[in-house]
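To start, the structure under review is shown below, and the notes come after it.
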Amino acid sequence: MGEWGEALLFGLVVIAFVLGLSSIIMGFIHQPQKDQSALAGKIEFGFFGVAGLVVSAVLTYGLSSI
């Protein structure tokens, strides 16, 4: 019962990784509406995907240093 910090950090790693990976996938399969720019949507999804993967990597490093 004393490992709550590691369990919470692991949960955050999984959430950040899944959101990052799903954003990258959505960048490839996203079909914008007629009034939206296709390139802007791909850039947004790509940015959020890479940011999610970076956050996941930083949290993984934090988890390994505990």
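Letter by letter, the sequence shown follows residues 11 to 76 in the numbering used here.
From the three backbone atoms N, C-alpha and C, an ideal C-beta is built for every residue, glycine too.
Exposure of residue i, with buried meaning 16 or more beta-carbon neighbours within 10 Å
i: Phe-55; result: buried
i: Val-64; result: exposed
i: Val-6; result: Nothing in the structure corresponds to residue 6, since the chain is present only between 11 and 76.
Contact belief for residue i with residue j at Cβ below 8 Å, rounded distance in angstroms
i: Ala-26; j: Leu-73; result: Contact doesn't hold; Cβ gap of about 12 Å is too wide.
Beta-carbon proximity check, residue i vs residue j, cutoff 8 Å
i: Leu-18; j: Gly-62; result: no
i: Ser-75; j: Gly-59; result: no
Bounding residues of the alpha helix (DSSP H) (the contiguous stretch that carries residue i)
i: Ile-39; result: 14-39
i: Gly-53; result: The sequence given here has Ile at residue 53, not Gly. It spans 48-74 - the alpha helix (DSSP H) in which Ile-53 sits, taken as one unbroken run.
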